[in-house]
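Note sheet for the following structure.
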Amino acid sequence: MPFLHSSTIKPIFLPMLILLMSFLLVLSQVSVAEGRDYCEGFNEKDRLTIAVPGKASFKAFVNIKPHPENPDQKNYSGFCIDVFEAALQQLGCVLPFTYVEFNGTYNELVQNVSNKTYSAAVGDITILAERWKLEVAFTAPFTESSLTLVVPVKPGPTAKIFVEPFTWKMWLGTAAVLVYTMFIVWFVERQSNDEFNGLGNALWFTFSSLFSAHRERIQSNYARIVVVVWLFLALVLTQSYTANLASMLTVSRLRPKLWSPETVGVDENTFMPNYARRTLNYTKVIPIEGEDEYLKQFKNGNISAAFLENPYAKAFVNKNCRDFTLIPTRYSFGGFGFVFQKEYSLLAAKVSKAILKLSKGELKSLEKSTFTPNECSQSQTNTKVVHNLELSETTTDDVISLDLASFEGIFLFSVATSSVCFLLFLLKNYIYPSPQSVADVNESNEIVSTCPQSVVVVNVNNEIVSTGSQSVAGVNENNEIVSTKVTSVS
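Heads up: the sequence shown is residues -28 to -1, 1 to 462, going by mature numbering (1 follows the signal peptide of the UniProt record, and there is no 0).
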């Protein structure tokens, strides 16, 4: 075909190939320019002055130290600084800037950016509605922020934990039912069962039945009914005790005992003091400056809890996970972000885009390198979310002792059954008394039968002499049995 000749292909495809390469080159230059078009205009004269909060409570986020070689200079480090510098690397250009320490409050820091004292502010700055109203441009948040309650952990198991599954009323009720059951079994069995002659044997039988270790045999039907009900009660008691004790021993000790904290600690230089008083309606609020100061206040008993933003709370508990735990709440904020002047809104938008790229993986790496996981990091946070801050004395997460009210029904049933069997036993003995033989011997070796039953006497010749009702029999010197009244020989 003539149009596929080599002389024809070269004039057609060569210009197309050149055009395609030119287009790809333009695209590559545009992608580079996209990162440079908003920062190539900056030179040394336009160097940005970036304020960094110097009174950060938690040094893991912002830490300012004197330079080891030049005391006039300072080193700026921390998680927030690392995130900002990593975001600038995503821009693809070198942005001239200088860090400046700012020792005011965070609200004052944002205001100084708004009035153009500083070009921007970098640090653990919470995005709030009242700050957003100022003439500033916030970047996208690089951390989540919500109100978190930090409380001391509940002490671990003590020596008295083996009596804690039941309340003291429950123990007294169990002991009372045990003693009552013991008395009924002893009274019913004592006449016909030699194994229950003493109260000690009856007490041992009743107590050992709690563990199914009893060996004594019951002969009376009334006693059997009492014992069957008692064994059912004993089964319920032992199973309930075992289950509650197991829960107390296995549940994580990092379950705080919740109460309505009277005195709370908050960060001094943040919005939290006013927020705790106005929004949360706390009257006893102690502003605290510095992470170490929180430990001192907790140790001295000046505060019972601390309200911290979630990143701060995690950093605090990460270092003190054996002594404190977290309780999340439903109060959320805008997160931590960087602040720029309004005229640098395009730069703020590009930094926000860079932060979003970092959130895909590099941001997590920075977080792990800054906050090293500890041995109890998996259990340091309580899973219960507090919807409001009206906390009760205990929560459903805590294992509580079983009270007598939970067993009133079965206790009353056992006592009622024992009482009915006891009354039926007395009534039966009153109507159908047991046969007895009573004999008195006088000074003349005379056997006198005082009961309305017969007295059977066997002489030396194995002869049986039976005396009837109200009979008197005497034995003489020749061992002869003499009946003074009625004598029956069989």
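Even glycine gets a Cβ: it sits at the ideal position worked out from N, Cα and C.
Under the three-state DSSP convention, the category residue i falls into
i	result
D239	strand
Q83	helix
K322	helix
K46	strand
Y254	coil
N292	coil
G170	coil
residue 465	The chain is shown from -28 up to 462; residue 465 falls before or after that span and cannot be answered.
T77	coil
P283	helix
Q313	strand
L384	helix
V122	strand
P245	helix
L298	strand
D375	coil
I190	coil
I403	helix
Inter-residue CB distance, residue i and residue j (contact presumed, cutoff 8 Å)
i	j	result
T120	A285	4 Å
S29	F305	Incorrect: roughly 16 Å between the Cβ atoms, too far for contact.
S91	L106	15 Å between Cβ atoms; not a contact.
V257	V289	Their Cβ separation, rounded to whole angstroms, is 21 Å, which puts V257 and V289 out of contact at 8 Å.
N115	G307	Note that residue 115 corresponds to Thr in the displayed sequence, not to Asn. Correct: roughly 5 Å between the Cβ atoms.
A248	F279	6 Å
A195	V135	31 Å between Cβ atoms; not a contact.
Euclidean distance between Cα positions of residue i and residue j
i	j	result
A93	N75	12 Å
P38	G262	18 Å
W202	Y402	26 Å
F51	N253	32 Å
S181	V125	40 Å
E265	S49	21 Å
K314	R103	13 Å
S391	N169	21 Å
V323	L63	8 Å
S337	A101	30 Å
L171	F183	19 Å
Burial state of residue i, where buried means 16 or more other Cβ atoms lie within 10 Å
i	result
Q61	exposed
F385	exposed
A32	buried
P113	buried
A147	exposed
T210	exposed
L318	exposed
P43	exposed
A174	buried
When the options are compared against residue i, the one with the closest alpha-carbon
i	options	result
T77	N241, I22, R162 and V160	N241
I22	F343, F310, I197 and T297	F310
A58	S391, E339, F397 and V392	E339
K271	Y194, D295, F110 and F155	D295
F394	L63, E161 and K329	E161
N35	V24, Q45 and N42	V24
T297	Y303, N84 and N282	N282
E73	N87, L67, I53 and G64	I53
W140	L376, L217 and G26	L376
F343	M244, A218, E80 and C293	C293
S164	I190, M220 and I97	I190
F243	K336, D96 and P137	D96
Y213	M142, T235, Y247 and K27	M142
L207	S192, A195 and F179	F179
Contact test: residue i Cβ vs the ligand PLP heavy atom, cutoff 7 Å
i	result
G95	Among the components modelled here there is no ligand, and therefore nothing to report on the ligand PLP.
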